[in-house]
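Under our numbering, the first residue of the sequence shown is numbered 1, with each subsequent residue one higher.
Remarks on the structure that follows.
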Amino acid sequence: MTEEEAQKNLPYEQSQTAGNVEFSGNENAMNLLNSANDVSINQSRIITIYNYNYQQQTVTPSTEDDLDDNLICPYQGLYHFSYENSEYFFGREVFVEELFEYTETRNFIPVLGASGSGKSSVILAGLVPKLVQAGRWQFTHFRPGNDPFNALAQALVPLYEPNLNKTELIAQARQLAGYFKNNTVLLSDVFATIQQNNPQNRTLLIADQFEELYTLCPDEKIRRQFLDTLLNTFKSFAEQSSLSTVLVATMRADFLGNALSYRPLADVLQQGNIMLGPMNENELRDVIEKPAQKLGVTFEEGLVERILDDVDKQPGNLPLLEFALTELWKKRQGKQLTHKAYEDIGEVSGALTGYADDKFSKLKPEEKERVRRIFLQLVQPGAGTADTRRVATKADLNESNWDLVKQLADARLVVTSRTEKNSEQETETVEVVHEALIRNWGQLRKWMEVDREFRTWQEQLRSAKKQWEENHREQGSLLRGAALLKAEEKLQERPEDLEAEKLFIQESIQERDRLQQQEEERKEQLAKAQKEALEASQAREAQQKQANKKLRIGAIFLSVVTVAAIAAAVGARNQTIQAQKNLADSLGRTSMGLLAEGKDLDAFLEAIRAGKILQKYRAKDPEVLGALIGSLSEGRERNRLLGHGGPVFSVSISNDSKTIVSGSDDNTIKVWNLQTGELIRTLTGHDSEGL
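What follows is the structure in structure tokens.
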């Protein structure tokens with residue numbers, strides 16, 4: 001097939017190619033590939049791996065090479081193999097074939113293996129080229145990092161919006177990530193759109209270094225939500241006819257326990273995961289010999305067996321082997337790799353350490369201290385697992401150290417890249433070239449032993465800072481109490497290591513001081529209020545005492561007045577009683593006189609008046625009592641006046657006591673002779689009211 005024919009099978013028109021591979025979304029990778037346009041491998045295929053942001057080792061002849069024969073180095077040092085150098089990738093052919101078959105029966109393929117077992121290489125340099133040969137596949141790539149939703153979105157947007165510029169891509173990815181988080185858009189809907197746009201292609205979604213979900217994403221809620229997003233779309237052993245997208249995820253096997261702790265993911269893993277075990281001797285021999293053979297370079301007799309023996313003694317041997325072969329290549333003699341050169345590099349066990357120590361020894365003392373701080377920030381302290389590499393930003397390391405970062409990148413000890421920061425700009429990042437450097441460089445291990453406590457604490461601080469930023473820097477998310485005291489202490493001790501966290505700590509300190517000032521002001525106001533209340537209370541107490549004193553004086557005066565008044569009242573009453581008694585006596589005597597005169601009725605009336613007075617004042621008077629008894633006993637009825645037809649309601653006696661006039665309800669008035677009782681005359685024509 002010609003290159004023109006191959007182009008017709010691509011899902012999109014390519015804009016930047018380098019022999020056999022196109023990268024989308026990474027300027028560094030583009031620049032790298034621009035320098036490799038003369039690579040003549042797999043020229044019949046051009047492939048795009050979207051969102052592949054890993055800067056590979058240059059494939060042009062190294063300036064450190066002892067020979068000037070223009071031979072590229074077929075070994076990759078601590079870099080992983082990718083599609084562009086897949087023709088030098090050997091030793092995993094059986095495993096790659098197995099993966100290829102799984103893409104026909106599964107839509108979720110977890111690939112687990114030890115650190116340094118070659119998981120990334122087997123996908124990018126093994127499976128991807130195999131699928132390219134099969135045809136009608138498109139590829140996209142992501143690493144979860146500390147924001148897995150955004151990482152996933154960046155991998156997907158180019159598949160359905162291929163013509164966006166860099167700024168538009170970043171903004172679109174950020175928006176899609178937000179939709180995933182709030183379930184506005186389902187991942188399955190996105191893949192359905194991708195499939196509609198490219199019905200002839202299947203999609204391979206590569207989730208590389210999936211353990212970053214546990215090492216770099218501290219939010220358990222986000223982690224589980226992200227897993228649910230993937231698991232709801234990709235079901236292991238699902239019918240491929242129902243879904244044209246395959247997810248392959250590479251993860252370190254020592255994080256399997258973390259994965260199994262979440263039941264939905266455990267259910268999928270228990271259905272079947274692919275373990276990438278160590279290579280056998282024949283596979284390792286291919287790794288050593290075949291890349292050199294492709295370029296016509298041979299090994300001195302017995303050297304391959306010697307290297308195999310050394311590899312067998314080293315755990316996590318593949319990265320160390322690949323690095324040793326890379327260093328050995330630089331010292332080849334003509335087209336032969338020799339025992340002498342192998343010894344000079346320190347063999348498999350010492351090549352990496354010797355190389356790193358050599359680069360470090362050439363630094364100035366001040367630079368060595370800065371490099372120490374740089375590497376400490378590139379190691380993620382393990383929590384029950386081995387330490388892992390950490391992606392650090394320029395801000396994490398302080399921009400003043402970036403010149404050294406570039407030197408370390410030139411020395412192939414770290415890898416730099418660019419990643420999305422926000423919707424308008426990118427940020428530069430750096431990471432250790434391979435975790436084998438963390439495990440095997442003695443100097444770095446010593447640094448971590450000394451500063452493990454600090455680095456563990458710093459990662460916890462960064463988690464708190466990230467939550468503060470996600471909460472729009474609200475005051476409630478700032479550090480408080482013991483956590484703030486420790487952060488303040490560390491900032492004073494190591495300001496150069498906390499440049500990225502300094503603002504967060506300072507904001508927390510300012511908020512604490514503000515709250516303390518408020519509390520002091522509140523206490524002052526409270527003390528002032530208490531003082532004023534006490535003074536007011538004392539004033540009221542003094543006033544009360546004065547009032548009580550006046551009240552006692554008034555009470556005494558009132559008591560005297562009251563006693564005097566009572567005495568006066570008693571005296572007055574006694575005088576009244578005595579006057580009434582005197583009146584009663586007078587009435588009694590009058591009654592007795594009237595009785596003697598034969599005026600029995602008058603005597604009786606006067607006696608009753610006298611008796612009522614005595615009864616009112618509860619007094620006794622023998623004379624009055626005698627008059628009353630006498631009028632009752634001696635009095636008699638003189639006349640009975642009869643003749644009214646109704647009740648008599650009025651009687652009047654004339655002034656001379658000779659006649660009596662009576663008025664009745666029968667509307668008559670009768671005039672009587674009081675002495676004889678004879679009716680003198682009757683007056684009629686009156687009503688009762690007139691009477």
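For each residue, glycine too, the CB sits at the ideal point set by N, CA and C.
The ligand SAH heavy atom lying under 7 Å from the CB of residue i
{"i": "E220", "result": "The model depicted lacks the ligand SAH and carries no ligand whatsoever."}
Where the beta strand (DSSP E) through residue i begins and ends
{"i": "S650", "result": "V648 to I653"}
{"i": "Q138", "result": "W137 to F142"}
{"i": "T250", "result": "T245 to R252"}
{"i": "V661", "result": "T659 to S664"}
{"i": "V111", "result": "F108 to G113"}
{"i": "R202", "result": "R202 to A207"}
{"i": "K670", "result": "I669 to N673"}
{"i": "L683", "result": "L679 to L683"}
Residue i to residue j span [Cα, whole Å]
{"i": "S477", "j": "Q492", "result": "22 Å"}
{"i": "E367", "j": "L404", "result": "8 Å"}
{"i": "L227", "j": "V268", "result": "11 Å"}
{"i": "F173", "j": "Q154", "result": "Per the sequence presented here, residue 173 reads as Ala, with Phe not at that position. Their Cα atoms are separated by approximately 5 Å."}
{"i": "Y355", "j": "I345", "result": "8 Å"}
{"i": "D358", "j": "Q443", "result": "12 Å"}
{"i": "S662", "j": "R609", "result": "23 Å"}
{"i": "I694", "j": "S244", "result": "The structure shown does not extend to residue 694, since the chain is modelled only from 1 to 691, so the question has no answer here."}
{"i": "L594", "j": "A603", "result": "5 Å"}
{"i": "L674", "j": "S650", "result": "15 Å"}
{"i": "S664", "j": "L642", "result": "11 Å"}
{"i": "G145", "j": "S86", "result": "26 Å"}
{"i": "E678", "j": "S657", "result": "14 Å"}
{"i": "T590", "j": "L605", "result": "10 Å"}
{"i": "N440", "j": "G350", "result": "9 Å"}
{"i": "C217", "j": "T48", "result": "28 Å"}
{"i": "K670", "j": "R681", "result": "6 Å"}
{"i": "E521", "j": "W457", "result": "34 Å"}
{"i": "A392", "j": "E431", "result": "6 Å"}
{"i": "P264", "j": "E524", "result": "57 Å"}
{"i": "I660", "j": "A572", "result": "42 Å"}
{"i": "H141", "j": "V122", "result": "14 Å"}
{"i": "E428", "j": "K466", "result": "18 Å"}
{"i": "G257", "j": "N273", "result": "14 Å"}
{"i": "A584", "j": "T576", "result": "12 Å"}
{"i": "S479", "j": "H472", "result": "A small correction: the amino acid at residue 479 is Leu; Ser does not occupy that position in the sequence shown. Roughly 15 Å separates the two Cα atoms."}
{"i": "E27", "j": "G382", "result": "Because the pLDDT at E27 is just 37, under 50, the model does not fix this residue reliably, and the point stays unresolved."}
Span of the alpha helix (DSSP H), counted from its first residue to its last, around residue i
{"i": "V96", "result": "E93 to Y102"}
{"i": "I123", "result": "Here I123 belongs to no alpha helix (DSSP H), and DSSP marks it neither H nor E."}
{"i": "P148", "result": "P148 to Y160"}
{"i": "L164", "result": "Looking at the DSSP string, L164 is not in any alpha helix (DSSP H), and its letter there is neither H nor E."}
{"i": "L231", "result": "E220 to L231"}
{"i": "I194", "result": "L187 to N197"}
{"i": "T215", "result": "E212 to T215"}
{"i": "Q407", "result": "W402 to D410"}
{"i": "L695", "result": "Past the boundaries of the shown model lies residue 695; the chain is included only from 1 to 691, so the question cannot be answered."}
Whole-angstrom C-beta distance between residue j and residue i, which should lie under 8 Å
{"i": "W447", "j": "F375", "result": "6 Å"}
{"i": "E511", "j": "Q475", "result": "5 Å"}
{"i": "R373", "j": "D497", "result": "6 Å"}
{"i": "R136", "j": "G118", "result": "Actually they do not touch by this definition, with Cβ atoms about 27 Å apart."}
{"i": "Q138", "j": "N197", "result": "In fact, because the Cβ distance is near 10 Å, the residues do not count as touching under 8 Å."}
{"i": "T203", "j": "I194", "result": "6 Å"}
{"i": "V433", "j": "L413", "result": "6 Å"}
{"i": "K235", "j": "F360", "result": "The Cβ separation is near 49 Å, so there is no contact."}
{"i": "V297", "j": "Q336", "result": "7 Å"}
{"i": "V311", "j": "V348", "result": "6 Å"}
Beta carbon proximity, residue i to chain D, threshold 8 Å
{"i": "L491", "result": "The displayed structure is made up of one protein chain only, and chain D is not part of it."}
For the pair the stretch 105-125 and the stretch 276-285, tell me if three or more CB-CB distances fall below 8 Å.
yes
Which runs of the beta strand (DSSP E) fall wholly inside the stretch 441-510 and span at least 3 residues, in chain order?
none
Please confirm if the stretch 325-335 is in contact with the stretch 73-89, defined as three or more CB-CB distances below 8 Å between the two stretches.
yes
Three Cβ pairs or more, each shorter than 8 Å: is that satisfied between the stretch 115-132 and the stretch 148-166?
no
How about the stretch 246-261 and the stretch 197-210: do they share at least three Cβ pairs that are nearer than 8 Å?
yes
Give, in chain order, every unbroken run of the beta strand (DSSP E) that is at least 3 residues long and sits entirely within the stretch 259-313.
274-276
Stretch-stretch touch, CB-based, cutoff 8 Å, three pairs: the stretch 498-507 with the stretch 384-403
yes
Please list the segments of the alpha helix (DSSP H) lying wholly inside the stretch 314-377, counting only runs of 4 or more residues, in order along the chain.
317-330, 339-344, 347-361 and 365-377
Any chance the stretch 337-344 sits against the stretch 380-393, with 3 or more Cβ pairs inside 8 Å?
no
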